[in-house]
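For the sequence shown, UniProt numbering begins at 319 and goes up steadily by one. The beta carbon of each residue, even a glycine, is placed where N, CA and C say it ideally should be. The block underneath contains the structure these notes are about, expressed in structure tokens.
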Amino acid sequence: EAKNSGRNTIRFYDPKMQEAIKYKVAIETSLKRALKKNELELYYQPKVDDAQTIIALEALVRWNHPERGFIPPSEFIPLAEENGLIIPLGAWVIKTACLQLARWSLEEKTSSLTIAVNLSIKQLQSDNFVATVERILKSTKCPKGKLIFEITETLFMGDVDAIVSKMRNIKEMGVHFSIDDFGTGYSSLSAIKKIPLDELKIDQSFTQDIKSTDDEAVIIHTIIGMAKNLGLRVVAEGVETNAQFEFLKNAGCHVFQGYLFSKPLPFEALKKIL
Ligand code: C2E
Ligand code: MG
Ligand code: MG
Ligand code: MG
Numbered sequence: 319e320a321k322n323s324g325r326n327t328i329r330f331y332d333p334k335m336q337e338a339i340k341y342k343v344a345i346e347t348s349l350k351r352a353l354k355k356n357e358l359e360l361y362y363q364p365k366v367d368d369a370q371t372i373i374a375l376e377a378l379v380r381w382n383h384p385e386r387g388f389i390p391p392s393e394f395i396p397l398a399e400e401n402g403l404i405i406p407l408g409a410w411v412i413k414t415a416c417l418q419l420a421r422w423s424l425e426e427k428t429s430s431l432t433i434a435v436n437l438s439i440k441q442l443q444s445d446n447f448v449a450t451v452e453r454i455l456k457s458t459k460c461p462k463g464k465l466i467f468e469i470t471e472t473l474f475m476g477d478v479d480a481i482v483s484k485m486r487n488i489k490e491m492g493v494h495f496s497i498d499d500f501g502t503g504y505s506s507l508s509a510i511k512k513i514p515l516d517e518l519k520i521d522q523s524f525t526q527d528i529k530s531t532d533d534e535a536v537i538i539h540t541i542i543g544m545a546k547n548l549g550l551r552v553v554a555e556g557v558e559t560n561a562q563f564e565f566l567k568n569a570g571c572h573v574f575q576g577y578l579f580s581k582p583l584p585f586e587a588l589k590k591i592l
């Protein structure tokens with residue numbers, strides 16, 4: 319039989335898959351340790367107005383693994399969502415951002431800044447999330463109205479009504495909501511109207527496609543028009559060139575973010591450009 323094991327054999331052992339599972343388990347174990355041992359760090363990327371003045375910062379988590387080096391969030395956030403670690407990790411991010419806000423409120427240079435924190439839908443779906451946010455805001459003495467949560471369109475794949483009700487509770491605590499990576503998901507206009515938003519971020523893929531004479535321009539104008547009609551502040555992500563910045567300004571965007579202004583940086587480095 320062994321001789322005939324050819325095209326009809328099912329392979330139970332796939333070394334590649336085995337490697338992938340090993341990697342996952344290793345990352346999971348070390349992510350637990352990272353949370354305990356403070357290997358995670360928040361970097362901050364500025365959001366600027368049309369005069370390029372920094373008006374807000376987005377917190378982006380970074381993991382400096384002692385042996386593997388820098389692991390990007392695109393690699394460990396999906397894993398953390400899968401194994402549930404996103405709940406403590408996400409709470410750590412919110413707490414760290416709130417502590418920064420409390421600290422910044424004491425200094426003139428930083429007192430007007432707001433911080434945006436990315437949320438995973440798993441956090442909004444978890445039972446204790448509203449209470450967790452309330453506890454963190456209190457314990458850190460976070461100044462009111464300075465925290466923004468960025469969520470993505472994946473929220474429309476779950477029980478939207480349950481999530482909307484949690485969002486309302488959180489908004490009552492003075493936290494704002496932004497929809498991130500807009501245009502890449504499945505949300506319809508009527509769905510967007512249902513959720514209590516303050517801001518809409520146009521996904522960076524649209525920004526990067528801008529060639530001012532093309533069809534992409536129509537898409538961007540349409541998104542901006544819709545957002546404005548809904549009373550939302552419009553942010554363009556992934557602005558890398560002056561041409562993109564000029565186009566987006568003329569199209570009526572309010573806020574801009576991207577490498578043209580600054581990469582995400584540790585706060586100490588960012589302080590110098592504030
Ligand atoms: P995002 O929230 O859409 O963040 C924007 C990503 O684009 C960041 O990548 C940022 O470094 C990058 N970026 C900013 N400006 C430019 C630009 O001009 N050009 C290009 N090519 N890229 C730019 P990063 O930091 O690797 O984060 C990736 C994603 O990981 C984030 O996308 C967010 O969805 C997620 N993430 C990061 N931190 C957290 C967190 O604390 N919690 C959760 N749940 N997700 C997070
Ligand atoms: Mg974001
Ligand atoms: Mg984004
Ligand atoms: Mg993104």
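Item                                                                                                                              : Value
Distance cut-off 6 Å: LEU378 Cβ against heavy atoms of ligand 1                                                                   : yes
Heavy atom of ligand 2 within 6 Å of ASN401 beta-carbon                                                                           : no
Identity of the residue in THR472, GLN562 and ASN568 nearest ILE497 by Cα                                                         : THR472
Cβ contact (3+ pairs, closer than 8 Å) linking the segment 534-544 and the segment 576-592                                        : no
Contacts around GLU357, its chain only, beta-carbon distance under 8 Å, and the 5 residues preceding and following it disregarded : ARG351, TRP381, ASN382, HIS383 and PRO384
In chain order, each alpha helix (DSSP H) run of at least 4 residues that lies wholly inside the segment 464-511                  : 478-489
At least three beta-carbon pairs within less than 8 Å, the segment 370-377 to the segment 341-349                                 : no
Top-ranked residue by Cα proximity to ILE412, from ILE528, CYS460, SER506 and GLU425                                              : CYS460
Rounded C-alpha distance that separates GLN441 from PHE574                                                                        : 27 Å
LEU583, DSSP secondary structure in three states                                                                                  : strand
Within 7 Å, strictly: CB atoms of LYS489 and LEU419                                                                               : no
Proximity below 7 Å, CB of GLY556 to CB of GLY576                                                                                 : yes
GLU517, enclosing beta strand (DSSP E) - first and last residue                                                                   : 517-520
Same chain, Cβ closer than 8 Å to LYS484, five either side skipped, listed in chain order                                         : LEU442, PHE447 and VAL448
Any heavy atom of ligand 3 nearer than 6 Å to the CB - residues listed                                                            : ASP498, ASP499, LYS519 and GLU555
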